[in-house]
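Residue numbers (full-length UniProt numbering): 1 to 361.
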């Protein structure tokens, strides 16, 4: 029987979000209903609100979430009611060419729930990243649910659902940061700080944080940065080279998603070094680089999709590291808020005052 719950929707482009009654259907084959315990406020949600991702309004916002499975549909065997899970937006199919080649983190046919949640008047909602977790309950594909140790707080666990996993994965999975490497991270928001934390976890010897905001650079140090560069005051390429013996960093992670910062990353890496783009550009952005430089500098230019993570592999591992005290996920939570405070959280995000506001239900 369908249920009615409270949820936060974006009704139209740049309109204030509001709380509405959401109708959540019973799970069909391959689907699950999850009772949400906590959900982070991610910049991607703001992109949805601003119409920067699509115009398929109204959106049911929220996607960095953790909660408890309430019910499952037919043919669901990996999770069952009562399981504590983190939601992910890349449920792998197991059948596409990437999955069949043993690279499911690149799955080219990820999927979401087939049914739509609606408003009480029958208006279909578009769930953010196929999740829609600024709600008391949500409907997802069962493959979007990853079981983890229930001893972890939902407030921190849900952050692996997007930004924190993207940053950690950009360092560990995509950049393949290793012991003794030098790493530079350009852009010290939530994703950049997670890349710093991931680089420290991987054993990097030198981690250089680059940003234009001294407040963010101070936070980056607490996450594991060994050096900081204010790129409003200093040339970041020269600063990174100076800090690495004149050579450049082994791995440079660009967590902004702009042509000018990507160029900085490209020239701040050592010969045969690696550039990882994890910041998300907008459709109109163009990049121009001398092709001879691309050839002559060698190495790898990589894009990182969701930290190239495999949720079933990475989420339980990172939660275990957190519970062992080796990865402080709690450091990413700036504040906890209510559902009716999401609009204010977007305003604080603009001001650069928070890493993550987390809605607690």
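C-beta: ideal position from N, C-alpha, C; glycine also.
Bear in mind the structure is a predicted one, so any value in this text is a computation, not a measurement.
Contact check, residue i vs residue j, beta carbons under 8 Å
i: residue 248; j: residue 273; result: yes
i: residue 178; j: residue 185; result: no
i: residue 163; j: residue 203; result: no
i: residue 167; j: residue 205; result: no
i: residue 268; j: residue 297; result: no
i: residue 41; j: residue 359; result: yes
i: residue 85; j: residue 147; result: yes
i: residue 139; j: residue 68; result: no
i: residue 343; j: residue 17; result: yes
i: residue 63; j: residue 143; result: no
i: residue 156; j: residue 322; result: yes
i: residue 137; j: residue 19; result: no
i: residue 211; j: residue 187; result: yes
i: residue 304; j: residue 287; result: no
i: residue 65; j: residue 39; result: yes
i: residue 117; j: residue 129; result: no
i: residue 122; j: residue 7; result: no
i: residue 159; j: residue 332; result: yes
i: residue 229; j: residue 145; result: no
i: residue 207; j: residue 226; result: yes
i: residue 381; j: residue 182; result: Any question about residue 381 goes unanswered here, given that the chain covers just 1 to 361.
i: residue 213; j: residue 330; result: no
i: residue 285; j: residue 316; result: no
i: residue 98; j: residue 31; result: no
Reduced DSSP secondary structure (H/G/I, E/B, other) of residue i
i: residue 265; result: helix
i: residue 227; result: strand
i: residue 274; result: strand
i: residue 363; result: This structure cannot speak to residue 363, because the chain is shown only from 1 to 361.
i: residue 341; result: helix
i: residue 84; result: strand
i: residue 368; result: There is no way to answer for residue 368, as the model of the chain reaches only from 1 to 361.
i: residue 119; result: strand
i: residue 35; result: strand
i: residue 312; result: helix
i: residue 247; result: coil
i: residue 145; result: strand
i: residue 153; result: coil
i: residue 233; result: coil
i: residue 178; result: coil
i: residue 139; result: strand
i: residue 53; result: coil
i: residue 21; result: strand
i: residue 191; result: helix
i: residue 206; result: strand
i: residue 222; result: helix
i: residue 13; result: coil
i: residue 301; result: strand
i: residue 257; result: coil
i: residue 288; result: coil
i: residue 60; result: strand
i: residue 101; result: coil
i: residue 94; result: coil
i: residue 30; result: coil
i: residue 280; result: coil
Exposure label - residue i; buried when at least 16 CB within 10 Å
i: residue 135; result: buried
i: residue 357; result: buried
i: residue 291; result: exposed
i: residue 24; result: buried
i: residue 29; result: exposed
i: residue 294; result: exposed
i: residue 2; result: exposed
i: residue 169; result: buried
i: residue 308; result: buried
i: residue 108; result: exposed
i: residue 435; result: Absent from the model: residue 435. The displayed extent of the chain is 1 to 361, so no value can be given.
i: residue 100; result: exposed
i: residue 363; result: Residue coverage of the chain in this structure runs from 1 to 361, which leaves residue 363 outside it and unanswerable.
i: residue 318; result: buried
i: residue 233; result: exposed
i: residue 83; result: buried
i: residue 4; result: exposed
i: residue 231; result: buried
i: residue 219; result: buried
i: residue 81; result: exposed
i: residue 271; result: exposed
Nearest-angstrom beta carbon gap, residue j and residue i [assumed within contact, 8 Å]
i: residue 224; j: residue 199; result: 7 Å
i: residue 282; j: residue 52; result: 7 Å
i: residue 217; j: residue 209; result: 6 Å
Neighbour flag for residue i against chain D, beta carbons, 8 Å
i: residue 114; result: Absent from the structure is chain D; it holds one protein chain and no more.
Requested in this report: Evaluate the contact criterion for the region 41-61 versus the region 148-157: three or more CB pairs, one atom per stretch, below 8 Å.
Outcome: Flag = no, the region 41-61 and the region 148-157 do not touch.
Query raised in the report: Does the count of Cβ pairs from the region 313-330 and the region 345-354 closer than 8 Å reach three?
Result: Contact between the region 313-330 and the region 345-354 is absent, because fewer than three Cβ pairs lie under 8 Å.
Report task. For the region 11-18 and the region 84-94, state whether three or more C-beta atom pairs, one from each stretch, are separated by less than 8 Å. Result -> In short, these stretches do not touch, since the Cβ pair count stays below three.
Query raised in the report: Any chance the region 312-319 sits against the region 109-122, with 3 or more Cβ pairs inside 8 Å?
Result: With a cut-off of 8 Å, the region 109-122 and the region 312-319 do not count as touching, because too few Cβ pairs lie within range.
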